[in-house]
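**Student:**
Numbering (the numbering used here), first residue to last: 10 to 142.
#1: Leaving out five residues on either side along the sequence, give the residues of the same chain with a beta carbon under 8 Å from the beta carbon of residue 110.
#2: Hey, how far is the Cα of residue 108 from the Cα of residue 98?
#3: Pick helix, strand or coil for residue 30, following the three-state DSSP scheme.
#4: Count the C-beta pairs between the stretch 70-78 and the stretch 121-129 that are closer than 8 Å, then say yes if the count reaches three, no if not.
#5: Excluding five sequence neighbours on each side, which residues of the same chain lie with their C-beta closer than 7 Å to the C-beta of residue 114?
#6: Whose C-beta lies closer than 7 Å to the C-beta of residue 139 among residues of the same chain, with five residues either side of it excluded?
#7: For my contact list, residue 117 and residue 44 are in at a C-beta cut-off of 8 Å; report their separation, rounded to the angstrom.
#8: Comparing alpha-carbon positions, which option in 60, 65, 54, 80 lies nearest residue 39?
#9: Please classify residue 48 as buried or exposed, where buried requires at least 16 neighbouring CB atoms within 10 angstroms.
#10: Among the residues of its own chain, which have a CB less than 8 Å from the CB of residue 141, if the five just before and after it don't count?
#11: Where does residue 126 sit, in a helix, a strand or coil, going by DSSP?
#12: When DSSP labels each residue in this structure, what does residue 85 get in the three-state scheme?
Here is the structure:
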């Protein structure tokens, strides 16, 4: 019984073209908990800008995406359930500063947020070298 299971697993493992890092790459997972009326709040203007809060947030995060320090991010489904942003920063303080300066946080659209170190031990080949500091 186990021999057949082993062969099946072994063939599957060979087909998997995943890359396993020898030393974990430490990224930071930033989780946002939004206020209940986030869907309305994000479309309103905020501060001195004529842009919506959402436009200001996207402008802010795009600067980090452009330089590679924001790996990916997005809202859960439904968006009112919050969001997850994966950051490639030098340390936890830099990731926390990202959150503290995000217009969503500054405006109060984010009720709570937390940063957690995330050790990446396996990734797809398309990300090889892209997660390195």
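Ideal placement from N, C-alpha and C gives every residue a C-beta, glycine not left out.
For clarity, every value in this text was computed on a predicted model and none was experimentally measured.
**Tutor:** From the atom records:
#1: 69, listed in sequence order.
#2: If you take the alpha carbons of residue 108 and residue 98, they lie about 12 Å apart.
#3: Confidence is the limiting factor: at residue 30 the pLDDT is only 43, short of 50, which leaves the residue's position unreliable and the question unanswerable from this model.
#4: Judged by Cβ distances under 8 Å, the stretch 70-78 makes no contact with the stretch 121-129, as fewer than three pairs qualify.
#5: Answer for residue 114: 108, 122, listed in chain order.
#6: Result list for residue 139: empty, nothing under 7 Å.
#7: A Cβ-Cβ distance of about 7 Å is found for the pair residue 117 and residue 44, placing them in contact under the 8 Å criterion.
#8: Shortest Cα-Cα distance from residue 39 to any of 60, 65, 54, 80 involves 80.
#9: Exposed, by the Cβ-count rule.
#10: Answer for residue 141: 34, listed in chain order.
#11: Note: residue 126 maps to strand in three-state DSSP.
#12: Residue 85 carries a coil assignment under DSSP once its states are collapsed to helix, strand and coil.
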